[in-house]
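A.B. asks:
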Amino acid sequence: MADLQRLYAAEYENCKYLFAPYIQFSYPCQRDLNMSMKRTWISEVKGHIGEKVLLKGWVHTLRPIGKLKFIVLRDRTGFVQAKLKGEKAPAAEIKEEAAIQIIGTVVEDPRAPEGIEVDVEELRILSSPVEIPPIQINRPLAVIGVRLETALDHRTLSLRHPEIGSVFRVRAELIWAFREYLRSQGFLEVQTPKIVAAGTEGGTALFPVQYFERTAYLAQSPQFYKQMLVGAGYERVFEVGPVYRAEQHNTVRHLNEYISLDYEMGFIDDFREITQVETELLRFMFEHIGRACPKELGLYKAEVPRVPKEIPHITLADAIEILKKRHNKQCEGDLDPEGEKLLCEYTKEELGSEFVFVTHYPRATRPMYAMPNEEDPTLTNTFDLLCRGLEITTGGQRIHPYNMLVESIQSRGLNPSDFDFYLEIFKYGMPPHGGLAIGAERLTAQLLNLTNIREASFFPRDRTRIVP
RNA sequence: GGGGGUGUAGUGUAGCGGCCUAACACGCUGCCCUGUCAAGGCAGAGACCGCGGGUUCAAAUCCCGUCAUCCCCGCCA
Numbered sequence: 012m013a014d015l016q017r018l019y020a021a022e023y024e025n026c027k028y029l030f031a032p033y034i035q036f037s038y039p040c041q042r043d044l045n046m047s048m049k050r051t052w053i054s055e056v057k058g059h060i061g062e063k064v065l066l067k068g069w070v071h072t073l074r075p076i077g078k079l080k081f082i083v084l085r086d087r088t089g090f091v092q093a094k095l096k097g098e099k100a101p102a103a104e105i106k107e108e109a110a111i112q113i114i115g116t117v118v119e120d121p122r123a124p125e126g127i128e129v130d131v132e133e134l135r136i137l138s139s140p141v142e143i144p145p146i147q148i149n150r151p152l153a154v155i156g157v158r159l160e161t162a163l164d165h166r167t168l169s170l171r172h173p174e175i176g177s178v179f180r181v182r183a184e185l186i187w188a189f190r191e192y193l194r195s196q197g198f199l200e201v202q203t204p205k206i207v208a209a210g211t212e213g214g215t216a217l218f219p220v221q222y223f224e225r226t227a228y229l230a231q232s233p234q235f236y237k238q239m240l241v242g243a244g245y246e247r248v249f250e251v252g253p254v255y256r257a258e259q260h261n262t263v264r265h266l267n268e269y270i271s272l273d274y275e276m277g278f279i280d281d282f283r284e285i286t287q288v289e290t291e292l293l294r295f296m297f298e299h300i301g302r303a304c305p306k307e308l309g310l311y312k313a314e315v316p317r318v319p320k321e322i323p324h325i326t327l328a329d330a331i332e333i334l335k336k337r338h339n340k341q342c343e344g345d346l347d348p349e350g351e352k353l354l355c356e357y358t359k360e361e362l363g364s365e366f367v368f369v370t371h372y373p374r375a376t377r378p379m380y381a382m383p384n385e386e387d388p389t390l391t392n393t394f395d396l397l398c399r400g401l402e403i404t405t406g407g408q409r410i411h412p413y414n415m416l417v418e419s420i421q422s423r424g425l426n427p428s429d430f431d432f433y434l435e436i437f438k439y440g441m442p443p444h445g446g447l448a449i450g451a452e453r454l455t456a457q458l459l460n461l462t463n464i465r466e467a468s469f470f471p472r473d474r475t476r477i478v479p
């Protein structure tokens with residue numbers, strides 16, 4: 012870790028010369044400003060009391076008190092207060108959100124926040140704002156009240172706001188843990204094409220793309236390809252990648268491009284092997300978040316959901332029955348968003364779980380590759396996972412016998428020859444298999460109690476937004 | 001694809017027929033302040049009330065259209 016930081020610091024030092032023509036020199040206007048000094052990360056300042064350090068970052072707040080000037084400096088690791096003394100200070104030119112570097116001595120002072128501050132000896136403005144920023148970075152969201160639309164219009168700036176940008180530290184850790192756990196279980200990370208030949212899977216609208224002389228589509232999921240790679244001998248594969256849905260939905264839980272966390276595993280006996288892996292996976296991911304992101308969780312007043320030893324499995328038919336009994340609510344065929352919320356309330360109160368697998372969806376509501384149930388062939392060995400009232404996963408066992416799959420395709424009025432690329436490996440010994448997909452943004456949003464999924468996407472693509 | 005709501009300074013809101021020459025907060029500009037930390041004090045700038053049309057003696061306010069945007073449903077992760 013320390014090596015990596017040294018590497019970054021060294022790299023930055025090199026880059027600095029490239030930008031030299033744009034650097035505004037100010038007090039004390041010293042061109043060879045201690046080039047030999049290594050940058051100290053703000054989070055490590057408290058380990059350097061009494062030492063001279065080089066800090067770089069943004070001016071988070073600026074508070075002039077007479078001839079004193081307090082700067083709260085922000086870098087990717089945290090905040091520290093710096094103090095400029097009167098006549099030495101380059102008074103006017105420092106602005107909030109300017110990128111600066113300072114050299115100063117770390118001192119203990121009970122009057123400073125957390126008892127630590129830096130007495131500035133040299134300060135250089137690297138780049139100063141040329142306009143008034145449309146979003147205030149240094150005040151709580153509850154005070155400045157930025158609308159989501161404004162935050163998204165000025166996305167790179169709004170991400171600087173700790174309450175906005177921290178979402179993505181959490182999301183990154185969730186994805187890291189997803190990879191780490193599946194790797195430990197023998198899964199291979201794969202990448203499948205996002206430009207595909209045809210919208211064969213069904214179930215959702217696709218974005219056409221001009222692919223030389225013919226029309227191709229953006230992949231709605233890696234479904235076919237991950238199954239094919241299971242059959243290709245890797246047995247267990249996972250993928251973290253974007254998927255595209257051309258649905259005209261415009262809600263707080265839908266995006267037209269999102270990150271899908273997929274896995275697929277071969278030689279299973281039962282679809283419950285898939286849900287068992289997901290249970291362990293989620294436990295690992297959430298325990299990791301609890302350790303890695305305590306600050307971020309605090310910021311969102313978020314509590315990591317406890318993943319029980321066994322997440323309840325409820326058949327769709329039973330779920331509908333429960334809703335009818337408890338809430339006198341009629342659901343036909345599937346749960347609507349309200350039904351999902353009510354079912355989660357039920358499992359939390361009665362079964363002590365914030366998660367619930369809803370299983371055995373009817374064949375008519377599932378894609379052609381869904382494995383029919385042995386006991387009731389009108390149902391499938393498939394499931395959704397609900398978390399805190401929202402569907403975050405769909406998965407299930409897939410059809411592996413070649414003939415059954417061909418029949419299933421035909422029964423949907425589709426032409427098996429359109430699926431030759433997919434079907435080939437099913438001819439040569441496809442093991443029983445299944446898998447699932449987790450929506451990364453939905454998972455993040457549910458964990459952090461975000462009200463809109465767009466908050467969990469760096470640059471969301473929705474019905475009307477393709478910029479920034 | 002269907003339905004509902006909202007557009008007022010840089011940001012977030014108030015005003016919803018005449019008291020609007022449009023208010024408040026934060027930000028911004030200037031001055032003051034050597035311990036601030038959602039800093040404070042004083043002074044100031046900034047909006048033809050999304051756009052177009054109509055009703056009226058009078059429109060930010062009511063009506064129609066249009067554009068933008070938010071949300072709900074279907075579908076889904």
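Numbering (the numbering used here) for the first sequence: 12 to 479. The beta carbon of each residue, even a glycine, is placed where N, CA and C say it ideally should be.
Taking 8 Å as the limit between beta carbons, can you name the residues of its chain near Q190, skipping five residues before and five after?
C.D. replies: The displayed chain sequence assigns Arg, not Gln, to residue 190. Cβ within range, chain order: E200, F249 and V251.
A.B. asks: Going along the chain, which residues of its own chain have a beta-carbon closer than 8 Å to the beta-carbon of R476, five neighbours each way excluded?
C.D. replies: Contacts found: L163.
A.B. asks: CB-CB under 8 Å to L461, same chain, minus the five flanking residues each way: which ones, in chain order?
C.D. replies: So the list reads V178, Y311, T455 and A467, once near-sequence residues are dropped.
A.B. asks: At which residues does the alpha helix (DSSP H) containing I331 begin and terminate?
C.D. replies: I331 -> alpha helix (DSSP H) spans L327 to H338.
A.B. asks: Look up I9 in the DSSP assignment and say whether it is helix, strand or coil.
C.D. replies: The question about residue 9 has no answer, for the chain in this structure spans 12 to 479.
A.B. asks: Quick one: grab the DSSP three-state call for R42.
C.D. replies: Here the model assigns R42 a pLDDT of 46, short of 50, so the residue's position is not dependable, and the following value carries that caveat. Residue state, collapsed to three classes: coil.
A.B. asks: So who's on the other strand from R50, going by DSSP bridges?
C.D. replies: According to DSSP, which records beta bridges pairwise, R50 is partnered with L65.
A.B. asks: Classify T167 as helix, strand or coil using the three-state DSSP reduction.
C.D. replies: Residue state, collapsed to three classes: helix.
A.B. asks: Are A243 and I436 closer than 8 Å when you measure CB to CB?
C.D. replies: In this structure, I436 lies closer than 8 Å to A243 by Cβ.
A.B. asks: I need the straight-line Cα distance from A375 to T389, nearest angstrom please.
C.D. replies: Those two C-alpha atoms are separated by around 8 Å.
A.B. asks: Looking at C-alpha atoms only, which residue of G407, S54, E356 and C355 is the closest neighbour of P378?
C.D. replies: Of the candidates G407, S54, E356 and C355, the one whose C-alpha sits nearest the C-alpha of P378 is G407.
A.B. asks: In its own chain, which residues sit with a C-beta less than 7 Å from the C-beta of I449, not counting the 5 before and 5 after it?
C.D. replies: Closer than 7 Å at the Cβ level, and outside the excluded window around I449, lie L272, I403 and T404.
A.B. asks: Between I410, C304 and L346, which lies nearest to A381 when the distance is taken from Cα to Cα?
C.D. replies: The residue with the shortest Cα to Cα distance from A381 is I410.
A.B. asks: Short of 7 Å in beta carbon distance, which residues of its chain neighbour L459, apart from the five on each side in sequence? Order them along the chain.
C.D. replies: V178, V181, Y311 and A313.
A.B. asks: Given a cut-off of 8 Å, decide if R85 and G68 are closer than it, judged by their beta-carbon atoms.
C.D. replies: The answer is yes: Cβ separation under 8 Å.
A.B. asks: Do the stretch 420-431 and the stretch 336-356 meet, that is, are 3 or more Cβ pairs less than 8 Å apart?
C.D. replies: With a cut-off of 8 Å, the stretch 336-356 and the stretch 420-431 do not count as touching, because too few Cβ pairs lie within range.
A.B. asks: Would the stretch 256-270 count as touching the stretch 292-308 if we require 3 or more Cβ pairs under 8 Å?
C.D. replies: Not touching, per the Cβ criterion.
A.B. asks: Within this structure, are the beta carbons of P233 and T203 separated by less than 8 Å?
C.D. replies: Against a cut-off of 8 Å, the Cβ pair of T203 and P233 comes out as a contact.
A.B. asks: Short of 8 Å in beta carbon distance, which residues of its chain neighbour T72, apart from the five on each side in sequence? Order them along the chain.
C.D. replies: Counting only Cβ-Cβ distances below 8 Å, and skipping sequence neighbours, we find F81, I82, V83, E107 and N149.
A.B. asks: Using the C-alpha atoms, what's the distance from H371 back to I285?
C.D. replies: Approximately 14 Å between the Cα atoms of the pair.
A.B. asks: Mapping the DSSP letters down to three states, classify Y222 as helix, strand or coil.
C.D. replies: Strand at Y222.
A.B. asks: Nearest by alpha-carbon distance to Y236: which of R453, D431, R472 and V141 is it?
C.D. replies: Closest option to Y236, Cα to Cα, is D431.
A.B. asks: Could you give the distance in angstroms between the alpha-carbon of L193 and the alpha-carbon of A257?
C.D. replies: Spanning the two alpha carbons is a distance of roughly 30 Å.
A.B. asks: On the CB-based measure, 16 or more other CB atoms within 10 Å of its CB, does D429 come out buried or exposed?
C.D. replies: Exposed, since its Cβ has fewer than 16 Cβ neighbours within 10 Å.
A.B. asks: Is it buried or exposed for M415, if we count other Cβ within 10 angstroms and need 16 for buried?
C.D. replies: By the 10 Å Cβ count, M415 comes out exposed.
A.B. asks: Mark I331 as exposed unless 16 or more other C-beta atoms lie within 10 angstroms of its C-beta, in which case mark it buried.
C.D. replies: Buried.
A.B. asks: From this set, C342, L159, I325 and G77, which residue's C-alpha is nearest F470's C-alpha?
C.D. replies: Ranking the options by Cα distance to F470, first place goes to L159.
A.B. asks: On the DSSP bridge assignment, give the partners of C398 in chain order.
C.D. replies: Answer is F366 and L401, bridged to C398.
A.B. asks: Beta-carbon within less than 6 Å of F218's beta-carbon, same chain only, minus the 5 sequence neighbours each way: which residues are those?
C.D. replies: For F218, where only same-chain residues beyond five positions count, the Cβ hits under 6 Å are L229, Y255 and A257.
A.B. asks: Y255 by DSSP, collapsed to three states: which one?
C.D. replies: Strand.
A.B. asks: For the alpha helix (DSSP H) containing F432, list its first residue and its last residue.
C.D. replies: Note, F432: alpha helix (DSSP H), D431 to L434.
A.B. asks: Comparing C-alpha positions only, which one of K306, V241 and R87 sits nearest to I279?
C.D. replies: Among K306, V241 and R87, the Cα nearest to that of I279 is on V241.
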